[in-house]
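Colleague:
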Amino acid sequence: MSSPKGKEKISQPRSPHHPPIGKKPKIKNLKGTVSRIWSYMETDRWLFRLVILFVIVSSLLSLLGPYFIGLAVDVMTGAADSFGFGQILLILAVVFVLQSVTLALQNYWMIDIAQHTVFLMRKELFGHVLNLPVLYFQKSKSGDLMSRLTNDIENVSRTLNTAVIQLTTSILTLVGTLVVMFWLSPLLTWMTITIVPIMFFGMKWITKRTGKYFKEQQKELGEMNGFLEETISGHSMVKLFHQEHRVLDQYEKHNKQLRDAGYWAQVYSGFIPKLMNSLNNFSFAIIVGIGGWIVLSTNATAISIGVIVTFTTYARQFTRPLNDLANQFNIILSAVAGAERVFDILDVQKEEAKNDKKQLENLYGDVVFEDVSFAYNKDEKVLDKISFHAAPGQTVALVGPTGAGKTTIISLLTRFYEEQSGNIYVDGNNMKQIANQSIREHLGIVLQDAYLFDTTIRENIRYGKLDATDEEVENAAQMANAHSFIEQLPDKYDTLLEGNGHGISQGQRQLISIARAMLRNPSILILDEATSSIDTITEIKITDALNRLMEGKTSFIIAHRLNTIEEADLILVLKEGKIIERGNHHSLLQQKGFYANLVETQTAREA
Amino acid sequence: MRNLWKYVNVYKKAMAVALLLMIVELIVELVQPVIMSKIIDDGITAGDMETIYIYGGWLMILTVIAFIAGISSSFYASHVSQGVGYDLRKSMFYRIQMFSAMKMENDVTQIQGLLFGLMRIMLRAPLFIIFGIIMSFTINVPLATILLTTLPILFVIMFFLMIRGMKLFQSVQEKIDHVNQIIRENLLAIKLVKAFHRITFENKRFSKVNDSLKDQNKKALWIMEIVMPIVMLIMNFAMIALLWFGSVQLEMNNAQAGEVVAIINYATKMLASFGVFSFLLMSVTRGRASAKRVNEVLLEDIDDTVKESEQRNKIAGAIEFNQVSFQYPNMDQEILHQINVTVKPGEKIGILGETGSGKTTLLHLIPYLYHATSGTIYIDGKRVDDWGNKVRHDITLVPQEGFLFSGTIKENIAWGNEHLSDNEIENVAKEAQLDAFIQTLPNKYDTLIGQRGVNLSGGQKQRLSIARALADNPSILLLDDSTSALDATTEKHVLEAIRRRKCTTLIVSQKISSVIDADQIIVLEEGKIKGTGTHDKLVKSLPLYQKMWQSQRKEGVLIDE
Chain W
1 MSSPKGKEKI SQPRSPHHPP IGKKPKIKNL KGTVSRIWSY METDRWLFRL VILFVIVSSL
61 LSLLGPYFIG LAVDVMTGAA DSFGFGQILL ILAVVFVLQS VTLALQNYWM IDIAQHTVFL
121 MRKELFGHVL NLPVLYFQKS KSGDLMSRLT NDIENVSRTL NTAVIQLTTS ILTLVGTLVV
181 MFWLSPLLTW MTITIVPIMF FGMKWITKRT GKYFKEQQKE LGEMNGFLEE TISGHSMVKL
241 FHQEHRVLDQ YEKHNKQLRD AGYWAQVYSG FIPKLMNSLN NFSFAIIVGI GGWIVLSTNA
301 TAISIGVIVT FTTYARQFTR PLNDLANQFN IILSAVAGAE RVFDILDVQK EEAKNDKKQL
361 ENLYGDVVFE DVSFAYNKDE KVLDKISFHA APGQTVALVG PTGAGKTTII SLLTRFYEEQ
421 SGNIYVDGNN MKQIANQSIR EHLGIVLQDA YLFDTTIREN IRYGKLDATD EEVENAAQMA
481 NAHSFIEQLP DKYDTLLEGN GHGISQGQRQ LISIARAMLR NPSILILDEA TSSIDTITEI
541 KITDALNRLM EGKTSFIIAH RLNTIEEADL ILVLKEGKII ERGNHHSLLQ QKGFYANLVE
601 TQTAREA
Chain Y
1 MRNLWKYVNV YKKAMAVALL LMIVELIVEL VQPVIMSKII DDGITAGDME TIYIYGGWLM
61 ILTVIAFIAG ISSSFYASHV SQGVGYDLRK SMFYRIQMFS AMKMENDVTQ IQGLLFGLMR
121 IMLRAPLFII FGIIMSFTIN VPLATILLTT LPILFVIMFF LMIRGMKLFQ SVQEKIDHVN
181 QIIRENLLAI KLVKAFHRIT FENKRFSKVN DSLKDQNKKA LWIMEIVMPI VMLIMNFAMI
241 ALLWFGSVQL EMNNAQAGEV VAIINYATKM LASFGVFSFL LMSVTRGRAS AKRVNEVLLE
301 DIDDTVKESE QRNKIAGAIE FNQVSFQYPN MDQEILHQIN VTVKPGEKIG ILGETGSGKT
361 TLLHLIPYLY HATSGTIYID GKRVDDWGNK VRHDITLVPQ EGFLFSGTIK ENIAWGNEHL
421 SDNEIENVAK EAQLDAFIQT LPNKYDTLIG QRGVNLSGGQ KQRLSIARAL ADNPSILLLD
481 DSTSALDATT EKHVLEAIRR RKCTTLIVSQ KISSVIDADQ IIVLEEGKIK GTGTHDKLVK
541 SLPLYQKMWQ SQRKEGVLID E
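Same order as they appear, the protein sequences are chains W and Y. For what it's worth, UniProt numbering labels the leading residue of the first sequence as 1, then goes sequentially. For what it's worth, UniProt numbering labels the leading residue of the second sequence as 1, then goes sequentially.
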């Protein structure tokens, strides 16, 4: 119940229900997106065509059933004698069996195709995202990215499973039923489709209102969620300042508004099935009443009891797709819009598109920066002509105020960013000519905010060297001063870490991430020192472990503490993207510049 | 579930009306085939136009009645489901500490959907089937018997498919969660994944869960989709049997054509009713999981809320810990062990110790945020348990990470105290060394901060939190490492301002320099007090303290960000 430490809040705005009709999804390129989805079905295409064929067959069969039932009634009552009664029943049996079989098969295959397609999309997308440049992640909101990777893909999956078949079936049934109805009795058909305009205007009246209220409901939901999130993350503040009542009142207000908007949205959307039902009843009345009247008054040449029976079923088959079509179409459009958002990510260039770069077998750790500049956007240079040389095994400390460019230098070394002008050489090779992956293989990194995966401590350390034995893992932990605290945990190395290492302290997290780097045994080491929230004792352990880790490696440190800096071979003092002073501790003190000043205020504070 | 039912029960009248209206609708639909058979047998076959007019008219009237009933039921059903949702949210809000907002919202919506659907669609299908069978029996017993015999077969098949389907859908949900978790992890740790070049490794890991999601999904969906073809086949064969048997009955003059037609019509409509079962399967699976989670929250104990202030006197600020121990419910180890501390009103106390030594927990015990496992804490000589939440009126805690609410700076500072004048707000901002910064902002104290406004740095957030705490004019002020992000000079000024306040102050810190002039410094290690005293005393007597002092003096925190 301590104050929430984890800053990463990835909200998953799931929309739990689509408003049945209403907002139209925005689509930039329908044809392009659909053909792109189609391209994932490459191996399944013949199967997909077969599915469509089966949809056509099953739709036709669904027309034959009611027709033959009507005919059977006519034969029974003696109104027709073109077939024998037994024959008709046999035909019906065949029709029904075929109908169920084709339905089952088309669904089975479509599920197969859809799930395979989505599997491929997920796979490609995930792989692509991992290969995107780090800058991309800093520019886009993590919540949005998460939602594209999860919700949008889920949406495509759900839609492909059923909506394609449903839409095709709806259209075919609608057209087919209408044709057969006209063929059977134009007069009765005209009487039946009088309900279409009523339905049209009725639906328009309803959707105009549902659209409005759904939008309102969505807005209220959003506001309420925002309010909740804030209140929850600040709940101990609410208690401490005894503001429970005020927060409750505010919540009450949001809750009421949501209820009122939701009430009307639900009332009006509830009208839709009722309207459809009533129109069904209405057409039933028309067919039976008027049909009966026609049979009697026109000597029953065109219409028989059997036709009336057939029509009552057809009228049902005909109104249902009318109701569903708009809805199904909307579902498909929203899935296409989701797919489009997914493809947008796939269109972002990977950090290394080509694979023709040099691979490095060994690396000694000789690093040279030569007039290196970097800017996020043109007007603001973050680094301006940085030059320095670090010989193998040396330690370089980066010192300076926030925004001076320390982290950027490190990000260039890790190839998270690429320099815009100037050159960086490792062992005499220009970094631009070496594959990123090849550099990173020789790199160890300990970030200020150590990230731990939701797995055991053992696997977290092993992340540094995937084929390490348990013994190697424990040795690394020992070297990193992590062994003793791990041994005290109930499950030791097999302790499961959850929620980015929630439950162990930040210092302990740092120790694990040092062990991870230790196991990797890199040639170049990058450290972003963290101090502010770590207690002195743990800090001593960390310093000790880091010193051991840095032995014999070229190390770059964003330094906060004097003792690390004092021992560095090279100190670079950065300000506004430039190196303003360089040297070792003693030479810089003698310069009596920015650095000397910093040290002086620091020592003064101790006294 | 019974617990949730309580919430629905409040609306039982509206619910009864909604159900009644639905039944009216149902009856209309059930009567239609009967009227149809009358039109055919008494009208068409008998050649009686009069009968057709009368029954045709009845059909129309019934249609109108059904329409009115249907529309009205929408109002009542909506009232029930929105009302229940409102009530659920309201009572869940009291217990939200343990709960994530998004999830709660989603769960309530699921339950609402389930309720609305229950009243209007789901109950309708079984009711239609039952009443349809009964009506068929009134028309023609032998034919109705055929219809009746198919039902048990259908129900058994449906039952097994639904049970299997529910299980499968649950496991699909688990797989989806797993896939999402890996995605989230990779997004958060992208730098690490890249720096360690673990892209192939992560791809493989993802592929595995992706693949098993695909397989599980296929199975679950297949169950859903196989239901309809099977039901259709059985019902359609029942239809053939009806036709065949009907014609036999007709020849023997035991039945009329209209009767056969009416029963076939019932069969067709029943078939359509079965269509909602797959829908039912989905909603019940989702709704049940949601209901379970909501229920868990509803069963949580409520922290008794504060009654708005009766007349009260400000506390003086004396604190006493007597043999206080604390342990989290599910942990073996004690966080605090037999702590004894006495603090006089107005004293300044420093608390030092390693992470995990129990400093923060000790602070949280004072405003009764946590309750001691054993031992007693006295505030002004009265036990904290007797004070209850009232004790918080004069105690304020400033957490390490300053917390902002979306709103203006003014609103954020005055948050605990709505009657604060602009002048007073400015004064506390000055005390917290924040005024100078605020003056540089375009809208000064009316600048929006938080989610929709200006971003503040860690140090600014901390100073704002301190200003907020000072605005509350506490008798006891608890600072939980709340000056860690301030530079030395600013920190000194802030601490001086706090000292002038003359309230009892407890400062948890990592840096000895923050508490060096405290009246008492308490050094904690593994939940126990290692030493108490002034700086000068501790430096001489306590080795642990000496070690900390030496290393901090030597290192010095050079640049704080």
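The C-beta atom is built at its ideal place from N, Cα and C for all residues, glycine as well.
On the three-state DSSP scale, how would you describe N225/W?
Modeller: In the structure shown, N225/W sits in a helix (DSSP, three-state: H, G or I).
Colleague: If contact is defined by three or more beta carbon pairs under 8 angstroms, each pair taking one atom from either stretch, is the stretch 265-280 of chain W in contact with the stretch 70-77 of chain Y?
Modeller: Short answer: they touch.
Colleague: With 7 angstroms set as the bound, which would you pick, yes or no: does the beta-carbon of Q115/W sit closer than that to a beta-carbon of chain Y?
Modeller: It does: the Cβ of Q115/W has a partner Cβ on chain Y nearer than 7 angstroms.
Colleague: Counting C-beta neighbours from all protein chains within 10 Å, is the total for V398/Y 16 or more, i.e. buried, or is it exposed?
Modeller: With 16 or more other Cβ atoms within 10 Å, it is buried.
Colleague: Output the boundary residues of the alpha helix (DSSP H) element that contains A14/Y.
Modeller: Segment 12-38, the alpha helix (DSSP H) holding A14/Y.
Colleague: Would you mind telling me which residues of chain W sit closer than 7 angstroms to N217/Y, beta carbon to beta carbon, in chain order?
Modeller: Here the neighbours are Q115.
Colleague: Please report the distance separating the alpha-carbon of D356/W from that of A435/W.
Modeller: If I take the Cα positions, the gap works out to 8 angstroms.
Colleague: Does any C-beta atom of chain Y lie closer than 7 angstroms to the C-beta of K219/W?
Modeller: No, K219/W lies away from the interface with chain Y (no Cβ there is under 7 angstroms from its Cβ).
Colleague: In chain Y, which residues lie with their C-beta within 9 angstroms of the C-beta of R440/W?
Modeller: By Cβ distance, chain Y contributes K194, A195, F196, H197.
Colleague: Give the residues from the stretch 119-132 of chain W that approach chain Y closer than 7 angstroms (Cβ to any Cβ), ordered along the chain.
Modeller: The residues in question are F119, R122, K123, F126, G127, L130, N131.
Colleague: Name the DSSP beta bridge partners of A397/W, please?
Modeller: Note: A397/W sits in a beta bridge opposite I557/W, I571/W.
Colleague: Tell me the rounded alpha-carbon separation between S555/W and Y40/W.
Modeller: Rounded to the nearest angstrom, the two C-alpha atoms are 46 angstroms apart.
Colleague: Going by beta carbon distance, what residues of the same chain come within less than 6 angstroms of V557/Y, once the five residues before and after it are set aside?
Modeller: Summary for V557/Y: the model assigns pLDDT 47, below 50, so the residue's position carries little reliability, and this model does not support an answer.
Colleague: Determine the closest residue to V426/W out of R458/W, F369/W, R462/W, T395/W, with distance taken between C-alpha atoms.
Modeller: Of the listed residues, the one whose Cα sits closest to V426/W is F369/W.
Colleague: Once you ignore the five residues that flank K381/W on each side, which residues in its own chain have a CB closer than 8 angstroms to its CB?
Modeller: Within the same chain, K381/W has close Cβ partners S373, F374, A375, G577.
Colleague: Starting from H337/Y, trace the beta strand (DSSP E) in both directions and tell me its first and last residue.
Modeller: Element bounds for H337/Y: 336-343.
Colleague: Step through the CB atoms of chain Y and report whether any lies within less than 7 angstroms of the CB of F48/W.
Modeller: No, because no Cβ of chain Y sits closer than 7 angstroms to the Cβ of F48/W.
Colleague: If you reduce the DSSP assignment to three classes, tell me which class G258/Y lands in.
Modeller: Correct three-state label for G258/Y: helix.
Colleague: Alpha carbon to alpha carbon, how far is Q181/Y from E42/W?
Modeller: Rounded to whole angstroms, Q181/Y to E42/W spans 29 angstroms at the Cα level.
Colleague: Using the Cβ count rule (16 or more neighbours within 10 Å means buried), how would you classify I163/Y?
Modeller: Burial call: exposed.
Colleague: Does the beta-carbon of L221/Y have 16 or more other beta-carbons within 10 angstroms, so that it is buried, or is it exposed?
Modeller: Counting Cβ neighbours within 10 Å, L221/Y comes out buried, since at least 16 surround it.
Colleague: Measuring CB to CB, does Q327/Y end up less than 7 angstroms from T360/Y?
Modeller: For Q327/Y and T360/Y, no; Cβs fall outside 7 angstroms.
Colleague: In the stretch 219-250 of chain Y, which residues sit with their C-beta less than 8 angstroms from some C-beta in chain W, listed in chain order?
Modeller: For the stretch 219-250 of chain Y, which is checked against every Cβ of chain W, the residues closer than 8 angstroms are L221, W222, E225, I226, M228, P229, I230, M232, L233, N236, F237, M239, I240, L243, W244, G246, S247, L250.
Colleague: Quick one: what's D480/Y bridged to in DSSP?
Modeller: Beta-bridge pairing links D480/Y to V508/Y.
Colleague: Where L4/Y and Q257/W are concerned, what is the direct C-alpha to C-alpha distance, given to the nearest angstrom?
Modeller: For L4/Y and Q257/W, the distance between alpha carbons rounds to 23 angstroms.
Colleague: List the residues of chain Y that I111/W touches, going by C-beta distances under 7 angstroms, in chain order.
Modeller: What I111/W touches in chain Y: K218, L221, W222, E225.
Colleague: Examine chain Y for any beta-carbon lying closer than 7 angstroms to the beta-carbon of residue 608/W, and answer yes or no.
Modeller: Residue 608/W is absent from the model: chain W starts at 1 and stops at 607.
Colleague: Measure the alpha-carbon distance for G459/Y versus A467/Y and round it to whole angstroms.
Modeller: Straight-line Cα distance between these residues: approximately 12 angstroms.
Colleague: Would you check if there are 3 or more beta carbon pairs closer than 8 angstroms linking the stretch 343-350 of chain Y to the stretch 515-527 of chain W?
Modeller: Contact between the stretch 343-350 of chain Y and the stretch 515-527 of chain W is absent, because fewer than three Cβ pairs lie under 8 angstroms.
Colleague: Under 8 angstroms Cβ-Cβ, which residues of chain Y neighbour D454/W?
Modeller: The contacting residues are Q181, E185.
Colleague: Could you name each continuous beta strand (DSSP E) segment of 3 residues or more that falls completely within the stretch 353-404 of chain Y, going from the start of the chain to the end?
Modeller: Here the runs fully enclosed are 374-379, 395-398.
Colleague: Confirm, please, whether the CB-CB distance from S290/Y to I111/Y is below 7 angstroms.
Modeller: Going by C-beta atoms, I111/Y is nearer than 7 angstroms to S290/Y.
Colleague: Specify the secondary structure class of K123/W as computed by DSSP and reduced to three states.
Modeller: Looking at K123/W - three-state DSSP - the assignment turns out to be helix.
Colleague: Determine the contact status of S59/W and L184/W, defining contact as a CB-CB distance below 7 angstroms.
Modeller: Result no, Cβ atoms of S59/W and L184/W do not sit closer than 7 angstroms.
Colleague: Compare the beta carbon distance of V508/Y and D480/Y with 7 angstroms and say whether it is the shorter of the two.
Modeller: Cβ atoms of V508/Y and D480/Y: closer than 7 angstroms.
Colleague: Roughly how many whole angstroms lie between the Cα atoms of K292/Y and Q82/Y?
Modeller: Approximately 19 angstroms, taken between the alpha carbons.
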